[in-house]
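Accompanying notes for the structure given below.
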Amino acid sequence: MKLEHRTLENRFVRLEPLVEAHREPLREACAADRDLWLQLYSFSMLDTAFDENFDKLIAGALAGPALSYAVIKDEACVGTTSLLRVDEANGALEIGGTYYRPEARGGAVNPAAKRLLFGHAFDGGMARVYLHVDALNARSRSAVLKLGAVQEGILRRDRIVWTGRPRDTVVFSVLEHEWPQVRDRLDARLADFA
Numbered sequence: 030m031k032l033e034h035r036t037l038e039n040r041f042v043r044l045e046p047l048v049e050a051h052r053e054p055l056r057e058a059c060a061a062d063r064d065l066w067l068q069l070y071s072f073s074m075l076d077t078a079f080d081e082n083f084d085k086l087i088a089g090a091l092a093g094p095a096l097s098y099a100v101i102k103d104e105a106c107v108g109t110t111s112l113l114r115v116d117e118a119n120g121a122l123e124i125g126g127t128y129y130r131p132e133a134r135g136g137a138v139n140p141a142a143k144r145l146l147f148g149h150a151f152d153g154g155m156a157r158v159y160l161h162v163d164a165l166n167a168r169s170r171s172a173v174l175k176l177g178a179v180q181e182g183i184l185r186r187d188r189i190v191w192t193g194r195p196r197d198t199v200v201f202s203v204l205e206h207e208w209p210q211v212r213d214r215l216d217a218r219l220a221d222f223a
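If you want the working numbering, it's the position in the sequence shown, counting the first as 1, plus 29.
Next up, the structure:
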């Protein structure tokens, strides 16, 4: 089964396939937290790097094949997220490239977006969904564990990020048979925001 790159929506967020119309709203969202891009991301969405990497996201070439989305809350673009390294032959993909402007963090946006992405992946026939998180990103590591994902291990000095810093990457995953329990946890968390 082929994953469709289509709009995904629940009562908290709408994930729209990333298109040219999202360029300036996403540029503004990314500029809202310059320090985060400088500290934790393997690629930059700041200044002159924004356009090049936005074009790669649209083309699905940043970590392809990929399906990238603009995250919309209350009709405003608050960030981006993607289904990366889509490997339909092996039934695996990565959720990543996620960024939210500061005021969208800590509430329903991330669990709501993850609920949509995991659901789309498993409904689309995936057997394994994984997440790669910078070992220095304590907030993301905690959020992924709250989802119910399993920490598989740490890839030491996995890559050099755009600032030149060597990065250790923590690998988490959810397998197809674990999805119902993870889905229930996400739904329970989202019920708290109703």
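Backbone N, C-alpha and C fix where the C-beta goes; we use that ideal spot for every residue, glycine too.
For ARG196 and LYS31, the rounded distance between their alpha carbons: The residue labelled residue 31 in the question sits at position 2 within the sequence shown. The residue labelled residue 196 in the question sits at position 167 within the sequence shown. Their Cα atoms are separated by approximately 32 Å.
Distance, GLU207 Cα to CYS59 Cα: The residue you call residue 59 lines up with position 30 of the sequence shown. The residue you call residue 207 lines up with position 178 of the sequence shown. Answer to the nearest angstrom: the Cα atoms are 33 Å apart.
The stretch 98-107 contacting the stretch 38-47, beta-carbon criterion three pairs below 8 Å: yes
4 or more residues per run - each alpha helix (DSSP H) lying fully within the stretch 52-124: 52-60, 63-69 and 76-88
Endpoints, beta strand (DSSP E) assigned at ARG214: What you label residue 214 is simply residue 185 of the sequence shown in a count that begins at 1. Not the beta strand (DSSP E): ARG214 falls in the alpha helix (DSSP H), residues 208-220.
Helix, strand or coil at GLY148 according to DSSP, with G and I counted as helix: Position 119 of the sequence shown holds residue 148. Helix at GLY148.
Test item: CB-CB of GLY135 and THR110 under 8 Å: The sequence position of residue 135 within the sequence shown is 106, counting from 1. The sequence position of residue 110 within the sequence shown is 81, counting from 1. No, these two residues do not count as a Cβ contact at 8 Å.
Sheet register partners of PRO195 (DSSP bridge): Position 166 of the sequence shown, counted from the first residue, corresponds to residue 195. For PRO195, which the question treats as bridged, DSSP gives the partners ILE189.
Three-state secondary structure (DSSP) of VAL203: Taking the sequence shown and counting its residues from 1, one reaches residue 203 at position 174. Residue state, collapsed to three classes: strand.
Proximity to ALA172 [Cα-Cα], best of VAL199, HIS34 and ALA156: By one-based count along the sequence shown, residue 172 stands at place 143. For ALA172, the nearest C-alpha among the options comes from VAL199.
DSSP beta-bridge partners of HIS161: The residue labelled residue 161 in the question sits at position 132 within the sequence shown. Looking at the DSSP assignment, HIS161 forms a beta bridge with VAL200.
Residue from ALA142, GLY120, ARG114 and ASP187 with nearest C-alpha to GLY108: Reading the sequence shown from its first residue, position 79 is the one you call residue 108. Minimum Cα distance to GLY108 is reached at ALA142.
Pair within 8 Å by beta-carbon distance, PHE222 and ALA137: For this step, residue 222 is matched to residue 193 along the sequence shown. For this step, residue 137 is matched to residue 108 along the sequence shown. Yes, the pair counts as a contact, with Cβ atoms nearer than the cut-off.
For ALA150 and LEU112, believed in contact at Cβ under 8 Å, the rounded distance: Working through the sequence shown from its first residue, we reach residue 112 at position 83. Working through the sequence shown from its first residue, we reach residue 150 at position 121. The Cβ separation is near 6 Å, so the contact holds.
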